[in-house]
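Engineer: Take this structure first; my questions come after.
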Amino acid sequence: MRSPAAWGAIYLIVGIIFIYFAAVSPENMWSFHSFLLMILAAYNIYTAIKMFAFSNQLRKAKK
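In UniProt numbering, the protein residues as written are 1 to 63.
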């Protein structure tokens, strides 16, 4: 099983990719697909932050 920090990095990278796809979409910036990608990006970045925080808690608990 991967560590929470690795999962956090994966979620962060996917969130950045979603932001990129939403920004370069050929349609209007407020299209349904762009809006959906931004919501997914926000969720992924939020989850990444939670994973990094959980990783720090685990590291402190091991000491």
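Every residue gets a Cβ at the ideal spot worked out from N, C-alpha and C, and that includes glycine.
1. Per DSSP, what kind of secondary structure is R59 in: helix, strand or coil?
2. Just checking my contact of A5 with M51 at CB under 8 angstroms: how many whole Å lie between their CB atoms?
3. Measuring straight from C-alpha to C-alpha, what distance separates G8 and K60?
4. Within 10 angstroms of its Cβ, does A42 collect 16 or more other Cβ (buried), or is it exposed?
5. K63 to R2, Cα distance in whole Å?
Structural biologist: This is what the structure holds:
1. helix
2. 7 angstroms
3. 17 angstroms
4. exposed
5. 20 angstroms
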